[in-house]
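Undergrad:
4 protein chains.
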Amino acid sequence: MKQELKQQVVEANQRLVSSGLVALTWGNVSAIDRESGLVAIKPSGVDYAALTPENLVVVNLAGEVVEGDLRPSSDTKTHLELYRSFPNIGAVVHTHSSCATAFSQAGVALPCLGTTHADHFYGDVPVARALTPEEVESDYEHATGVSIVELFQQQNLNPLEMPAVLLKHHAPFTWGKDPVKAVDNSIALEMCAKMALMTWQLQPDAGEMPRHILEKHYQRKHGKDAYYGQN
Amino acid sequence: MKQELKQQVVEANQRLVSSGLVALTWGNVSAIDRESGLVAIKPSGVDYAALTPENLVVVNLAGEVVEGDLRPSSDTKTHLELYRSFPNIGAVVHTHSSCATAFSQAGVALPCLGTTHADHFYGDVPVARALTPEEVESDYEHATGVSIVELFQQQNLNPLEMPAVLLKHHAPFTWGKDPVKAVDNSIALEMCAKMALMTWQLQPDAGEMPRHILEKHYQRKHGKDAYYGQN
Amino acid sequence: MKQELKQQVVEANQRLVSSGLVALTWGNVSAIDRESGLVAIKPSGVDYAALTPENLVVVNLAGEVVEGDLRPSSDTKTHLELYRSFPNIGAVVHTHSSCATAFSQAGVALPCLGTTHADHFYGDVPVARALTPEEVESDYEHATGVSIVELFQQQNLNPLEMPAVLLKHHAPFTWGKDPVKAVDNSIALEMCAKMALMTWQLQPDAGEMPRHILEKHYQRKHGKDAYYGQN
Amino acid sequence: MKQELKQQVVEANQRLVSSGLVALTWGNVSAIDRESGLVAIKPSGVDYAALTPENLVVVNLAGEVVEGDLRPSSDTKTHLELYRSFPNIGAVVHTHSSCATAFSQAGVALPCLGTTHADHFYGDVPVARALTPEEVESDYEHATGVSIVELFQQQNLNPLEMPAVLLKHHAPFTWGKDPVKAVDNSIALEMCAKMALMTWQLQPDAGEMPRHILEKHYQRKHGKDAYYGQN
Chain A
1 MKQELKQQVV EANQRLVSSG LVALTWGNVS AIDRESGLVA IKPSGVDYAA
51 LTPENLVVVN LAGEVVEGDL RPSSDTKTHL ELYRSFPNIG AVVHTHSSCA
101 TAFSQAGVAL PCLGTTHADH FYGDVPVARA LTPEEVESDY EHATGVSIVE
151 LFQQQNLNPL EMPAVLLKHH APFTWGKDPV KAVDNSIALE MCAKMALMTW
201 QLQPDAGEMP RHILEKHYQR KHGKDAYYGQ N
Chain B
1 MKQELKQQVV EANQRLVSSG LVALTWGNVS AIDRESGLVA IKPSGVDYAA
51 LTPENLVVVN LAGEVVEGDL RPSSDTKTHL ELYRSFPNIG AVVHTHSSCA
101 TAFSQAGVAL PCLGTTHADH FYGDVPVARA LTPEEVESDY EHATGVSIVE
151 LFQQQNLNPL EMPAVLLKHH APFTWGKDPV KAVDNSIALE MCAKMALMTW
201 QLQPDAGEMP RHILEKHYQR KHGKDAYYGQ N
Chain C
1 MKQELKQQVV EANQRLVSSG LVALTWGNVS AIDRESGLVA IKPSGVDYAA
51 LTPENLVVVN LAGEVVEGDL RPSSDTKTHL ELYRSFPNIG AVVHTHSSCA
101 TAFSQAGVAL PCLGTTHADH FYGDVPVARA LTPEEVESDY EHATGVSIVE
151 LFQQQNLNPL EMPAVLLKHH APFTWGKDPV KAVDNSIALE MCAKMALMTW
201 QLQPDAGEMP RHILEKHYQR KHGKDAYYGQ N
Chain D
1 MKQELKQQVV EANQRLVSSG LVALTWGNVS AIDRESGLVA IKPSGVDYAA
51 LTPENLVVVN LAGEVVEGDL RPSSDTKTHL ELYRSFPNIG AVVHTHSSCA
101 TAFSQAGVAL PCLGTTHADH FYGDVPVARA LTPEEVESDY EHATGVSIVE
151 LFQQQNLNPL EMPAVLLKHH APFTWGKDPV KAVDNSIALE MCAKMALMTW
201 QLQPDAGEMP RHILEKHYQR KHGKDAYYGQ N
C-alpha cells in the first residue's frame, strides 16, 4: 500500500478531532487502494495524536491483517462490507458526532431542509434498521455493513450521491472518493443535523425543500456541468 | 484594485473561520472598489488558509473576470447584484452559520428581541422568498440577488440600516461599508439568531422589544449623534 | 489610580473574550479605587486585544473623565450608579453572553436550580424592569443603573450575596469585590443560565432547589465558616 | 505516595479543562494508592494551571491530611466514602459539566439510548436522592458519598460497570480504575447527556435501546472476550 494513502488516512483520522467530531477514541477513518484491494484503517482504541502511517493496520478485503502490529478498529468489518459492495468509494468514516448520533438514536432520517444539505447529500439521509439478536450475536460488525448495503439496494440509492447513513441506536457512517471527501461528508452531516434540530424548533413542520432547488445545488457542485470549486 | 482592499478581503474571509461562522468552504466575502467598479472575491472551493491577495478573483460589475487564474465563488452573481443595487455598501458576506441558517431553512424572520439585535439591525431581519423553478434554471445566483433587492424595495428597507437577509431554504447574506463591518454583521446575526432560539424556549410569545429602546440602541451606535465607539 | 488595578481591569476585559462571554466588543469591565473614588473602565468600541492600562479611561463618580484620551464605554453611567449605590462592590461587568441574554430578553428570572447556582448566587437572579420612553430619552444609561438599584431595594437584596441582574430586553450585569470575582460571576451566571435551559427541557416544572441545600452551598463558600478555597 | 500517581492526578485535573468539562474551579480529580491507603486530591479553589504534584493534598482514608500545605477539595469526604465502599476503583472525578448537571438538577436518570452510552455505562446512569436537612447540616460531603453507596446497594449496581452517578440538585461523579479512565467516563457521561437531550427533542418517547445491542457493545469493550482496544 502506498505511503501517500496511509498518510492521508492518518491526517483524516486526526481531522476528526480538530473538527470536533470525536471525543475519546470514538471514530475511525479507512481508505482502500483499489488496485491491490488493501485497506488501511485506524488501530482500535489508539489516540489520534499517536497515529502514524506505520501504526495503521492494513487488511485485505477478506479481513486478514497484512501489515501492522496492532488490532484494527473494532468496526473494520463494517468498513470492508462497504468497500466490497460500493465499488466506487475510496474511504469510509465512522464517528459518534453528537447531532448525527442523536438522529441515529432517535431513528429519524435527516431530510434535506436546505441548500447546505443539498450541496452534499442528494435527498434524505436514511436510517438503517436495528440488527436482530441473531445478527448481533453471530457477526455484529459484518451484519452492520450488510444492513447498510441492503438499505441502499431497497431505496435504490447511489452511494456516491448519498454518502452517509444513520445506524439505528448507534451513530453515522459516511464515505467518499478519498479520505478528505469522506471526512468532509462527516462534517457536513453533523452540521446539517445540528441545523435541522434548530429548524424544527422554529418550524416543526419543515420538510424537504422544493425539489428544483435541491437539484440545482446538488448538480452545481456534483453534476456533469458543475461549476463549484476549481475542477 | 488596491492591494490594501484585497488584503482586507483575505482577512475577512479568514475571520469567518476564526469566528466559527463557516465549516469546510461554506462562505465567502467580497469587497468593491467603487472608483473602478471592481470587486475582489474569494475563489470557489479554496481553503481559507490558502487565500492571498494574489489568488483572489477580481471581476467587474458585469461579472467578467479581470484578474486571477481561479474561478470566482459560485455566489459571485449574487454579490454583484447587491453591489449594483445597493450603492452605499462596500462589502458582502455569505455564510451558512448554523443558527441564522436554521432561521433561513424555517423561513422565519428574526425579530428584534433585544438590544444586541438593535445595536446592529434596525428592525426584523427579513426572509427573501424561494425562487421559482424558472429562476433557478435560468440564472440562479443572479435571481437570488434580484430577490433580495425586490424584498428591500417592497419593505422599503435601507440596506445600511438592515445589513442582513435570510434566504428561504438557504442561508444568510450580510453586508456593510467595508469587509470588517460586513463580517461584524454576520457575527451579530448568528449571535442574535442563537439567542432568539433560547429566548423562545423560555418565552414562546416573545416578540419585538419596545420601539423606544430599539430606537435608542440603534441610534446611539449608528445615528447622527452616536456616542458608541471612538468616531 | 494604581497601575495594578488598571492592569487587573485590562486582564478582566480580556478574560471576557477567552471565556467566550463576548463577541465583537459586546462587554466591558470596570473597577473602582474606593480611596480616590476613581473608576477605570474600558474605552468604547475598542478591541480587547488592544487594551492597555494606558488606554483605559478613568472617570470620577460624577462621570467626569480624569485620565485617558478615548471615550469611555457607553455603559459608563450604569457602572457609576452601581458604585455609588452599592458601596461594597469593587468591580462591575457587563456582557451580552448568550444564555444570560436569552433570560434577559425573555424577562425570566433565573431560579436556583442546583448547587452550581447556590455556590455563586444566594437565590433567584432577578430581572430589572424595562425603562419608560421618558427614562430612555432623558438619560438612558443612568436610568438603567437606577432601575437596578431600585429593584435591589424593593426585593431587599444584598448586592454581595446577589452579584448579578438581568436587564429586561437587554443583557446581564454582574459585580464583585474585585475584577476577578466580578468576571467569575459573569461566567457562573452564563453557565447557570445554560444549564437551566436544559434542566427545563428535561423537567419543565423544575423550580428552586430545597432551601437547606442552597444555604449549605452558599455558606460553605461565602459564609463566616466557609471552607471552600484557601482563605 | 508515588510521584507517578500524583502526576497522573495533576494531568487528569488539567484534562477537565481541556475537555471543556469545567469552568472556574468547578471540578476535582483524586486517585488512591491502595497499598498505602493514601489519596491524592486537588486542593480547594486552586486554578488547574497552577497544579503540581507538590501542591496536591494527600489524605488517608480517615480524611487526615498527611501531605501538603493547602486545604483539600471541599468534596474530599465524598471521594473518601467512594474509595472505602467501592474497593475496586482507583480514581474519582467530580465536575459540573453542563449537560450531566442538567440531568442532575432535573433529577432524571440517563437511559442507555445508544451504543455510545453502552460502550461506557452498563444501563441507566442513576440519580442519587437529595439529602435531608439533618444530613446536610451534620456532615454534608460525607452524607453525599453515603447516599451514592446506598443507591448502588439498593439497585445492586457494580461500580465498575456503572462508573457514574447523578446527584439530585447537584452534579455528577464518575470513577474508574485509574485517573485516565475516570476522566474518560466524565467525558462520556457529558456527551451521552448532550446527545440524549437532542434525541428526546427528535423523539420524546425514546427509551433504552434493545438489550441485546447494549450487551454487545458493553461486552465487546469490557467483557472477558473484549476485542476493543489493544489489551
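Protein chains in written order, with UniProt numbering: chain A, 1 to 231; chain B, 1 to 231; chain C, 1 to 231; chain D, 1 to 231. Glycine included, each C-beta is placed from N, C-alpha and C at the ideal position. The structure displayed is predicted, hence computed values, not measured ones.
Tell me which residues share the same chain as D/Glu161 and place their Cβ nearer than 6 Å to its Cβ, disregarding the 5 neighbours each side in the sequence.
TA: Answer for D/Glu161: Tyr122, listed in chain order.
Undergrad: Check whether the segment 122-141 of chain B touches the segment 64-71 of chain B, counting contact only when three or more Cβ pairs, one atom from each stretch, lie closer than 8 Å.
TA: No, they do not touch.
Undergrad: Three or more C-beta pairs under 8 Å: does that hold for the segment 48-68 of chain B against the segment 209-221 of chain B?
TA: Flag = no, the segment 48-68 of chain B and the segment 209-221 of chain B do not touch.
Undergrad: Find the residues of chain C that neighbour D/Thr101, judging by a C-beta separation of less than 7 Å, and give them in chain order.
TA: Here the neighbours are Gly114, Thr116, Met195.
Undergrad: Would you say A/His222 faces chain B, with C-beta separation under 9 Å as the test?
TA: No, no contact with chain B.
Undergrad: Can you give the Cα-Cα distance for D/Lys224 and A/Gln154, rounded to whole angstroms?
TA: Rounded to the nearest angstrom, the two C-alpha atoms are 38 Å apart.
Undergrad: Give me the chain C residues within the contact set of D/Gln105, using Cβ-Cβ distance strictly less than 7 Å, ordered along the chain.
TA: Within 7 Å Cβ-Cβ: Leu113, Gly114, Met195, Thr199, Ala206.
Undergrad: Give the C-beta separation of B/Ala23 and A/Met191 to the nearest angstrom, bearing in mind that I take them to be a contact with Cβ-Cβ under 8 Å.
TA: That pair is a contact at about 5 Å.
Undergrad: Alpha carbon to alpha carbon, how far is C/Val183 from D/Glu54? Give it in angstroms, no decimals.
TA: Looking at the two C-alpha atoms, the distance is approximately 29 Å.
Undergrad: Can you list, in chain order, the residues of its chain with a C-beta nearer than 6 Å to that of D/Ala100? Leave out the 5 residues immediately preceding and following it.
TA: Same-chain partners within the cutoff: Pro172, Leu189, Glu190, Ala193.
Undergrad: Under a CB-based cut-off of 9 Å, is D/Ala91 close to chain A?
TA: By this cut-off, D/Ala91 is not an interface position.
Undergrad: So with CB distances below 8 Å, who are the chain A contacts of B/His169?
TA: The contacting residues are Leu113, Gly114, Thr115, Met209, Pro210, Ile213.
Undergrad: Under 9 Å between C-beta atoms, does B/Lys216 make it to chain C?
TA: Taking Cβ atoms only, chain C reaches closer than 9 Å to B/Lys216, which makes this a yes.
Undergrad: Got a sec: which bits of the segment 12-27 of chain B sit with their beta carbon under 9 Å from any beta carbon on chain A, in order along the chain?
TA: Cβ contacts with chain A: Ala23, Leu24, Thr25, Trp26.
Undergrad: Counting only beta-carbon atoms, is A/Ala188 nearer than 9 Å to chain B?
TA: Yes, its Cβ sits closer than 9 Å to a Cβ of chain B.
Undergrad: Chain C partners of B/Asp184, CB-CB under 7 Å?
TA: By Cβ distance, chain C contributes Leu24.
Undergrad: Hey, out of A/Ala206, A/His212, A/Gln8, A/Val65, whose CA is closest to B/Asp108's CA?
TA: The identity of residue 108 of chain B in the sequence shown is Val, whereas the question assumes Asp. Nearest of A/Ala206, A/His212, A/Gln8, A/Val65 to B/Val108, Cα basis: A/Ala206.
Undergrad: Chain C beta carbons: is any one of them nearer than 9 Å to that of B/Tyr140?
TA: It does not: the Cβ of B/Tyr140 has no partner Cβ on chain C nearer than 9 Å.
Undergrad: Quick one, which residues of the segment 34-67 of chain A are near chain B if we go by CB-CB under 8 Å, in chain order?
TA: Residues: none.
Undergrad: Consult DSSP for D/Gly145 and reduce its assignment to one of helix, strand or coil.
TA: Helix.
Undergrad: If I measure Cβ to Cβ from A/Ala118 and keep anything under 6 Å in the same chain, skipping five residues before and after, which residues do I get?
TA: The answer, listed in chain order, is Cys112, Leu214, His217, Tyr218.
Undergrad: With DSSP collapsed to three states, give me the class of D/Trp26.
TA: It is coil, neither helix nor strand.
Undergrad: Relative to the alpha-carbon of A/His94, which residue among A/Val29, A/Asn156, A/Glu67 has its alpha-carbon at the smallest distance?
TA: It is A/Val29.
Undergrad: Against chain B, does A/Asp225 count as a neighbour if the rule is that its beta carbon must be under 9 Å from one of theirs?
TA: No, A/Asp225 lies away from the interface with chain B (no Cβ there is under 9 Å from its Cβ).
Undergrad: With C-beta atoms as the reference, is D/Leu197 less than 9 Å away from C/Met195?
TA: For D/Leu197 and C/Met195, no; Cβs fall outside 9 Å.
Undergrad: Cβ of D/His169 within 9 Å of Cβ of D/Lys77?
TA: Against a cut-off of 9 Å, the Cβ pair of D/Lys77 and D/His169 comes out as no contact.
Undergrad: Which chain B residues are close to C/His96, counting only those with a beta carbon under 7 Å from its beta carbon?
TA: Ordered by position in chain B, the residues that pass the 7 Å Cβ test against C/His96 are Thr116.
Undergrad: Check whether the Cβ of D/Val9 lies closer than 9 Å to any Cβ atom in chain C.
TA: Not an interface residue.
Undergrad: Would you identify the three-state DSSP class for A/Asn60, choosing helix, strand or coil?
TA: In the structure shown, A/Asn60 sits in a strand (DSSP, three-state: E or B).
Undergrad: Is there a Cβ of chain A sitting closer than 9 Å to that of D/Tyr228, yes or no?
TA: So yes, D/Tyr228 belongs to the interface.
Undergrad: Just the chain B side, please: which residues come within less than 8 Å of C/Ala128 by C-beta, in chain order?
TA: Per Cβ cutoff of 8 Å: no residues; C/Ala128 is ~13 Å from chain B at best.
Undergrad: In this structure, how does DSSP classify B/Ala118 when only helix, strand and coil are distinguished?
TA: Helix at B/Ala118.
Undergrad: Measuring only the C-alpha atoms, how far is A/Ala102 from D/Ala31?
TA: Each residue's Cα considered, the two are about 34 Å apart.
Undergrad: Grouping DSSP H, G and I as helix and E and B as strand, with all else coil, what is C/Asp178?
TA: C/Asp178: coil per DSSP, three-state reduction.
Undergrad: Distance check for C/Ile187 and C/Leu110, CA to CA, integer angstroms please.
TA: So the alpha carbons of these two residues sit roughly 14 Å apart.
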